[in-house]
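Asker: The sequence shown begins at 95 in the working numbering and counts up one residue at a time. Yeah, the Cβ is synthetic: ideal placement off N, Cα and C, and Gly gets one too. Sending over a structure as structure tokens; questions will come in a sec.
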Amino acid sequence: MINASSIFKDLNDYDKTLVNTALDWAIKNCHLYSCSESDERRTRSNTTLAKFKFEAENYTFEKDELLALNSATHFFHTELITYKISAYDDEETIDKMHASFKKIGRKLDDFLVGV
Numbered sequence: 095m096i097n098a099s100s101i102f103k104d105l106n107d108y109d110k111t112l113v114n115t116a117l118d119w120a121i122k123n124c125h126l127y128s129c130s131e132s133d134e135r136r137t138r139s140n141t142t143l144a145k146f147k148f149e150a151e152n153y154t155f156e157k158d159e160l161l162a163l164n165s166a167t168h169f170f171h172t173e174l175i176t177y178k179i180s181a182y183d184d185e186e187t188i189d190k191m192h193a194s195f196k197k198i199g200r201k202l203d204d205f206l207v208g209v
């Protein structure tokens, strides 16, 4: 188990909301693993993602769970920038989300290099 509180403790409410949005998007669109994967594997990845909702005080996870979170946030960020998801299509919102996801992604990437 890895204590990842250093990644999350400095996130503001907006950042936490964005991560939750990214997780919901990844679960709904089954892009963490290919949709052709087995139901069991998709269910396991969705369960992993659901654990990351920012309700817990103790951010202790398995390494593969942190990798799952990293994949989900990078996926949503790419989708957001590439396709301008219709719910977030105004430039000001996109710019704000892009900056926040860059910060979150950098923190996750840097943390995962050391574990």
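Measure the beta-carbon distance from residue 97 to residue 167 and round it to whole angstroms, keeping in mind my assumption that it falls under 8 Å.
Answerer: Stepping through the sequence shown from its first residue, residue 97 is reached at position 3. Stepping through the sequence shown from its first residue, residue 167 is reached at position 73. Actually they are not in contact, since the Cβ atoms of residue 97 and residue 167 sit about 19 Å apart, beyond 8 Å.
Asker: Quick one: using the 10 Å Cβ neighbour count with 16 as the cut-off for buried, is residue 113 buried or exposed?
Answerer: For this step, residue 113 is matched to residue 19 along the sequence shown. The residue is buried, with at least 16 neighbouring Cβ atoms inside 10 Å.
Asker: If you compare alpha carbons, which of 107, 103, 172, 156 is closest to residue 196?
Answerer: Start at 1 with the first residue of the sequence shown, and residue 196 comes out as number 102. Here the closest residue by C-alpha is 172.
Asker: Among 194, 209, 175, which one has its Cα closest to the Cα of residue 104?
Answerer: Start at 1 with the first residue of the sequence shown, and residue 104 comes out as number 10. Ranking the options by Cα distance to residue 104, first place goes to 194.
Asker: From 110, 158, 209, 120, pick the residue whose C-alpha is nearest to that of residue 191; which is it?
Answerer: Counting from one through the sequence shown, the residue named residue 191 turns up at place 97. Closest by alpha carbon: 110.
Asker: Is it right to say residue 198 is buried, meaning 16 or more other beta carbons lie within 10 angstroms of its own, or is it exposed?
Answerer: As a first step, residue 198 is located in the sequence shown; it is residue number 104 there, counting from the start. The residue in question, residue 198, is buried, as its Cβ has 16 or more Cβ neighbours within 10 Å.
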